[in-house]
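First the structure, in the form of C-alpha cells, and then the observations on it.
Protein chains in written order, with my numbering: chain A, 13 to 313; chain B, 49 to 126.
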C-alpha cells in the first residue's frame, strides 16, 4: 500500500509529486500522459521566471524536475475507478489495482466532444481537436471551426492564414470570445460566421467531405475537408462518484484542497478553482501535497 | 545498425516536439518531414497512416500515430 497516490501529471500533479517526495511520502503517480493541457499550449508568457517558453519546453522542465526524485511513475495508465473503503483509497486502472492512505486528484480537463454521428469515425481523418497541431495540413482547403468561444476564435485565427476558407459554426446568437479576437476574425475576408447554427452530422468517405448543419429555419450541407471542434473542456472526474462536484462536474475543494471526503484532495483544472492557469495549477498542486502530508501525519491504520 | 526512422510533423504541434525530444534523448537518428510545407510528404503520410493527425512515425515500415511512447520504444527495441 502506498501512502499517497497522485492521479495526473500535468502542472498540478507534477508539483504535488515534487512536494510529496521532498516530504518523503511514499508516492505513486498514475497518469495518461505528462504535461496534460500544458503540453498543448503554444506559447506561455506568464509563468514567473520564464518571460517566454513554449508549452512543450515548460513540460520538459517539469518532467526533469519530477525525475530528480525517486518517484514511482506509471505513464500511459488510465484510472477507471476510485473508491474509499474504510480508511483506505482503492484505485482501479486499465492495467492494475492499488491501495493508498491518501489521494490527490490532479486529472485535469479534456476537450469536449460534439456527440454527433461521424465524429468518432472521422477523428484524425479531417476532424481534429487541435488546430495548432493539425491546422497546417489544411493548406488552401475549406475548413469549419465548431464553437464560438476563445478556443474556437484562436483556432479560426490560425486557420484563416492557412486555409482557403474558414466557417465558424456557432450555436448561439453571437460569438462569445474576447472582443479583440472577434474583431480580427470579423475583419478577415475568408471567414464566414454562421450563428444560431448547430452541426448534426459529419460525413465523408475515407476522409471528411462535409457537415450537415441546421438553424431554426433550415438545414444545410457545407462541403469542408477539415473540421476543428473547439467547444470547450470537461473535467476528467467521472472515475470518482463519491466526491462533491459542481454543475460543471468540477471537484469541489476547500481552500486547503480538501474534498468532502477525508484523505481525498484535488488540485488544478479538475477542481472548482476559478482560474485555470498553469501557474495556479502548480501552486494548487503544492498546497494539495502539503495538506495530504498533514493528513498522513495523523493517519491511523 | 540504427533503424530507419521517419517522422512526419508540423512545427507547431506540441506532440511532434515531444516525440522529437524523446528520440533525441534516446540518441535515435531520424529524418523529419515538415508536412505543413512539404505537400508530397503530407500525401505520403496520409497514404501510410490512413489519417491526417500528426505526428506520424515510420519505424522500418511500422506506422505509429501520435506520441505513443510504449509502441515507439517497442518498435525501436529500447
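The C-beta atom is built at its ideal place from N, Cα and C for all residues, glycine as well.
Best match in the options for proximity to residue i [C-alpha to C-alpha]
i, options, result
"residue 42 of chain A", "A/147, A/291 and A/29", "A/29"
"residue 276 of chain A", "A/24, A/159, A/113 and A/23", "A/113"
"residue 158 of chain A", "A/133, A/32, A/142 and A/31", "A/142"
"residue 295 of chain A", "A/25, A/306 and A/187", "A/25"
"residue 216 of chain A", "A/209, A/237 and A/241", "A/237"
"residue 219 of chain A", "A/312, A/177, A/138 and A/203", "A/138"
"residue 78 of chain B", "B/57, B/90, B/97 and B/122", "B/57"
"residue 214 of chain A", "A/130, A/194, A/173 and A/135", "A/130"
"residue 136 of chain A", "A/68, A/313, A/60 and A/241", "A/241"
"residue 99 of chain A", "A/73, A/14 and A/265", "A/14"
"residue 254 of chain A", "A/271, A/174, A/243 and A/66", "A/271"
"residue 266 of chain A", "A/38, A/291, A/300 and A/289", "A/300"
"residue 76 of chain B", "B/107, B/111 and B/97", "B/107"
"residue 60 of chain B", "A/127, A/79 and A/69", "A/69"
"residue 100 of chain B", "A/148, A/291 and A/263", "A/148"
"residue 73 of chain A", "A/244, A/27 and A/132", "A/27"
"residue 9 of chain A", "A/311, A/126, A/103 and A/212", "Given that chain A is displayed from residue 13 to residue 313, the structure contains no residue 9 of chain A and the question cannot be resolved."
"residue 71 of chain A", "A/290, A/245, A/313 and A/263", "A/290"
"residue 309 of chain A", "A/194, A/37, A/52 and A/33", "A/37"
"residue 126 of chain A", "A/196, A/307, A/245 and A/93", "A/245"
"residue 133 of chain A", "A/232, A/239 and A/261", "A/239"
Alpha-carbon to alpha-carbon, residue j and residue i
i, j, result
"residue 281 of chain A", "residue 76 of chain A", "22 Å"
"residue 120 of chain B", "residue 84 of chain A", "21 Å"
"residue 105 of chain B", "residue 198 of chain A", "38 Å"
"residue 86 of chain A", "residue 126 of chain B", "18 Å"
"residue 69 of chain B", "residue 95 of chain B", "25 Å"
"residue 124 of chain A", "residue 53 of chain B", "34 Å"
"residue 256 of chain A", "residue 154 of chain A", "44 Å"
"residue 190 of chain A", "residue 162 of chain A", "6 Å"
"residue 85 of chain B", "residue 259 of chain A", "44 Å"
"residue 228 of chain A", "residue 209 of chain A", "8 Å"
"residue 279 of chain A", "residue 83 of chain B", "38 Å"
"residue 11 of chain A", "residue 205 of chain A", "Nothing in the structure corresponds to residue 11 of chain A, since chain A is present only between 13 and 313."
"residue 117 of chain B", "residue 92 of chain B", "23 Å"
"residue 274 of chain A", "residue 109 of chain A", "21 Å"
"residue 49 of chain A", "residue 192 of chain A", "24 Å"
"residue 122 of chain A", "residue 88 of chain A", "16 Å"
"residue 39 of chain A", "residue 285 of chain A", "24 Å"
"residue 91 of chain A", "residue 107 of chain A", "9 Å"
"residue 297 of chain A", "residue 166 of chain A", "28 Å"
"residue 114 of chain B", "residue 97 of chain A", "37 Å"
"residue 200 of chain A", "residue 170 of chain A", "12 Å"
"residue 61 of chain A", "residue 80 of chain A", "20 Å"
"residue 117 of chain A", "residue 82 of chain A", "20 Å"
"residue 250 of chain A", "residue 93 of chain A", "8 Å"
"residue 111 of chain A", "residue 312 of chain A", "15 Å"
"residue 55 of chain A", "residue 164 of chain A", "17 Å"
"residue 66 of chain A", "residue 288 of chain A", "17 Å"
"residue 263 of chain A", "residue 44 of chain A", "19 Å"
"residue 59 of chain A", "residue 128 of chain A", "37 Å"
Residues near residue i in its chain [Cβ-Cβ closer than 6 Å; skip 5 each side]
i, result
"residue 119 of chain A", "19, 20, 248 and 282"
"residue 115 of chain A", "17, 101 and 276"
"residue 57 of chain A", "64"
"residue 35 of chain A", "305"
"residue 194 of chain A", "187"
"residue 31 of chain A", "298 and 301"
"residue 95 of chain A", "102"
"residue 67 of chain B", "103 and 115"
"residue 23 of chain A", "50, 290, 293 and 294"
Sequence-distant residues of the same chain with beta carbon closer than 7 Å to residue i, five excluded per side
i, result
"residue 234 of chain A", "156, 179, 222, 223 and 225"
"residue 146 of chain A", "140"
"residue 269 of chain A", "277, 278, 279, 296, 299, 300 and 303"
"residue 174 of chain A", "147, 148, 150 and 151"
"residue 292 of chain A", "285"
"residue 51 of chain B", "107, 108 and 124"
Residues near residue i in its chain [Cβ-Cβ closer than 8 Å; skip 5 each side]
i, result
"residue 160 of chain A", "180, 182, 183, 184, 186, 187, 188, 189 and 207"
"residue 89 of chain B", "56, 81, 82 and 83"
"residue 176 of chain A", "152, 153, 154 and 202"
"residue 111 of chain B", "96, 97, 104 and 105"
"residue 105 of chain A", "42, 86, 89, 90, 91 and 92"
Partners in chain C for residue i, counting only beta-carbon separations shorter than 8 Å
i, result
"residue 102 of chain B", "Absent from the structure is chain C; the protein chains it does hold are A and B."
Anything in the segment 55-73 of chain B with a Cβ closer than 9 Å to a Cβ of chain A? List those residues in chain order, please. 58, 59, 60, 61, 62, 63, 64, 65, 66 and 69
Chain-ordered residues of the segment 80-100 of chain B with a beta carbon less than 9 Å from chain A: 82, 83, 84, 85, 87, 90, 93, 94, 97, 98, 99 and 100
Just list the alpha helix (DSSP H) runs in the segment 130-174 of chain A, keeping only unbroken ones of 4 residues or longer that don't cross its boundaries, in chain order. 143-146 and 162-171
Starting from the N-terminal side, write out each stretch of the alpha helix (DSSP H) that is 4 residues or longer and does not extend beyond the segment 52-82 of chain B. 62-73
Could you tell me which uninterrupted alpha helix (DSSP H) segments, each at least 4 residues in length, are contained entirely in the segment 271-308 of chain A, listed from first to last along the chain? none
For the segment 41-53 of chain A, which residues have a beta carbon sitting closer than 7 Å to at least one beta carbon of chain B? 51 and 52
What residues in the segment 13-42 of chain A bring their beta carbon closer than 8 Å to a beta carbon of chain B? none
Which residues, taken in chain order from the segment 58-79 of chain A, show a beta carbon closer than 9 Å to some beta carbon of chain B? 66, 67, 68, 69, 71 and 72
Could you pull out every unbroken beta strand (DSSP E) segment of at least 3 residues lying fully inside the segment 198-252 of chain A, listed in chain order? 203-206, 210-216, 220-226, 231-235, 238-241 and 245-247
Residues, ordered as in the chain, of the segment 111-126 of chain B that lie near chain A by beta-carbon distance below 9 Å: 113, 114, 115, 116, 117 and 118
What are the residues of the segment 137-153 of chain A that lie near chain B, defined by any Cβ-Cβ distance shorter than 8 Å? 137, 138, 140, 142, 144, 145, 146, 147, 148, 149 and 151
Check distances from the C-beta atoms of the segment 80-108 of chain A to those of chain B and list, in chain order, the residues that come in under 8 Å. 87 and 88
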